[in-house]
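Asks: This is the structure I have questions about; it appears just below.
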Amino acid sequence: MEINYLENYYNNYEEDTRLQSRHGQIEFITSMKYIEQYLEKGAKILDVGAGTGRYSLALSRKGYNVTAVELVQHNIDVFKSLLKEDDNISINQGNAVDLSGYPDASFDAVLIFGPMYHLYSKEEKTTVLNEAKRIIKDDGYIFAAYCMNEPTVIQWGFGNDGINVIDALKNNMFKEGFKCISEPKDIFELVRVEDIEELNKICGLYRVKLIGTDMFAHYIKDRIDSWNDEVYKIYLEYHFSICERADIIGLSNHTMDILKKHK
Numbered sequence: 272m273e274i275n276y277l278e279n280y281y282n283n284y285e286e287d288t289r290l291q292s293r294h295g296q297i298e299f300i301t302s303m304k305y306i307e308q309y310l311e312k313g314a315k316i317l318d319v320g321a322g323t324g325r326y327s328l329a330l331s332r333k334g335y336n337v338t339a340v341e342l343v344q345h346n347i348d349v350f351k352s353l354l355k356e357d358d359n360i361s362i363n364q365g366n367a368v369d370l371s372g373y374p375d376a377s378f379d380a381v382l383i384f385g386p387m388y389h390l391y392s393k394e395e396k397t398t399v400l401n402e403a404k405r406i407i408k409d410d411g412y413i414f415a416a417y418c419m420n421e422p423t424v425i426q427w428g429f430g431n432d433g434i435n436v437i438d439a440l441k442n443n444m445f446k447e448g449f450k451c452i453s454e455p456k457d458i459f460e461l462v463r464v465e466d467i468e469e470l471n472k473i474c475g476l477y478r479v480k481l482i483g484t485d486m487f488a489h490y491i492k493d494r495i496d497s498w499n500d501e502v503y504k505i506y507l508e509y510h511f512s513i514c515e516r517a518d519i520i521g522l523s524n525h526t527m528d529i530l531k532k533h534k
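Residues 272 to 534 (the numbering used here) make up the sequence shown, in order.
Here is the structure:
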């Protein structure tokens, strides 16, 4: 993990607002829905890569016992500024690839909603998943989020009159089959469903569900942000009717893998 690139990015990015636009809320609403579906109130959660605390704060205020870990000091400072007097969240600076400060089987769930976006080697990714596996209880859950390959090719590559995809091809930014090659300077690592499945197999984790957390929200974000409440509500119904469909999940900008240990 190239920390300098991340610090420079998040020092100049309004991370706290990303999930608060109307289209951005779809990812947040979806993730919260599935977390609450699998975890009882009072469950002990470790939020790894907590950012500015969007999930930590929401879950704590819903009655969960939350400990947050974040790498970037700027994000921690923003997080702390959002705390209310009665918020009870432990916030620690730390790196997702080293959770050695947390004992085995000490959490009901681990959220990994940022780290996989910024890890580029299979070794680092499996280290994070194995650390999460180590610190969840035998019946615990891992919720791991990923950025997907195809939305970037479609939206970024073929956006801007296709200039970006032409430049990307000239600069060897794709493997065969338009698989994006990401480097730390690009900030985000992009994957396909088969890449995620390979990591799970290596780590001995089994999938409960794979969710497309925002599905087509970023494709039509301007329309979504302009809709009235009635249309927005209908779209959410549509979104939840398709967000588990294996045939289209790879088109979602973000996915959430819900995992457990093999018994």
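Positions of the beta carbon are idealized from the N, C-alpha and C atoms, including for glycine.
What would DSSP say about Met444, mapped onto helix, strand or coil?
Replies: The answer is coil: DSSP assigns Met444 none of H, G, I, E or B.
Asks: Who does Val479 pair with in a DSSP beta bridge?
Replies: Answer is none; Val479 lacks a bridge partner.
Asks: Using a threshold of 8 Å, state whether the C-beta atoms of Ile383 and Ala416 are closer than that.
Replies: yes
Asks: Using 8 Å as the threshold, is the C-beta distance between Ile473 and Thr398 below it?
Replies: no
Asks: Mind checking Phe350: buried by the 16 CB within 10 Å criterion, or exposed?
Replies: buried
Asks: In whole angstroms, what separates the C-alpha of Val319 from that of Tyr326?
Replies: 11 Å
Asks: Can you list, in chain order, the residues of its chain whose CB lies under 7 Å from that of Ala329, leaving out five sequence neighbours each side?
Replies: Met303
Asks: Could you compute how far the alpha carbon of Glu421 sits from the alpha carbon of Leu522?
Replies: 6 Å
Asks: Where do the N-terminal and C-terminal ends of the beta strand (DSSP E) with Lys312 fall, by residue?
Replies: Premise fails: Lys312 is in no beta strand (DSSP E) and is neither H nor E.
Asks: Using 8 Å as the Cβ pair cut-off and three pairs as the minimum, do the region 368-379 and the region 405-414 touch?
Replies: Yes: at least three Cβ pairs fall under 8 Å.
Asks: Roughly how many angstroms separate the alpha carbons of Ile297 and His510, rounded to a whole number?
Replies: About 9 Å.
Asks: With 16 as the cutoff for other CB atoms within 10 Å, does Lys504 come out buried or exposed?
Replies: exposed
Asks: Can you look up Phe378 in the DSSP assignment and give me helix, strand or coil?
Replies: strand
Asks: Locate the alpha helix (DSSP H) running through Ser352, then write down its first and last residues.
Replies: 344-353
Asks: Starting from Cys418 and walking both ways along the beta strand (DSSP E), at which residues does that stretch end?
Replies: 407-419
Asks: For Ile520 versus Val436, is the C-beta distance shorter than 8 Å?
Replies: Remark: C-beta atoms of Ile520 and Val436 do not approach each other more closely than 8 Å.
Asks: Would you kindly work out how many angstroms separate the C-alpha atoms of Lys532 and Gly433, rounded to a whole number?
Replies: 43 Å
Asks: Which residue's Cα is closest to the Cα of Asp348: Glu356, Tyr335, Asn363, Glu508?
Replies: Asn363
Asks: Taking Cβ positions, are Ile529 and Arg478 nearer each other than 8 Å?
Replies: yes
Asks: So Asp528 is in the alpha helix (DSSP H); what residue range does that whole segment cover?
Replies: Per DSSP, Asp528 belongs to no alpha helix (DSSP H); it is in the beta strand (DSSP E), 525-532.
Asks: Just the C-alpha distance for Leu277 and Tyr391, rounded to the nearest angstrom, thanks.
Replies: Caution applies to Leu277, whose pLDDT of 49 falls short of 50 and renders its modelled position unreliable; the model cannot decide the point.
Asks: Out of Glu402, Leu440, Ile452, which has the shortest C-alpha to C-alpha gap to Met419?
Replies: If we check each option's Cα against that of Met419, Ile452 comes out closest.
Asks: Would a C-beta distance cut-off of 8 Å place Ile482 and Tyr305 closer than the cut-off?
Replies: In this structure, Tyr305 lies closer than 8 Å to Ile482 by Cβ.
Asks: Please name the residue in Ala380, Arg516, Ala321 whose C-alpha comes closest to that of Lys315.
Replies: Ala380
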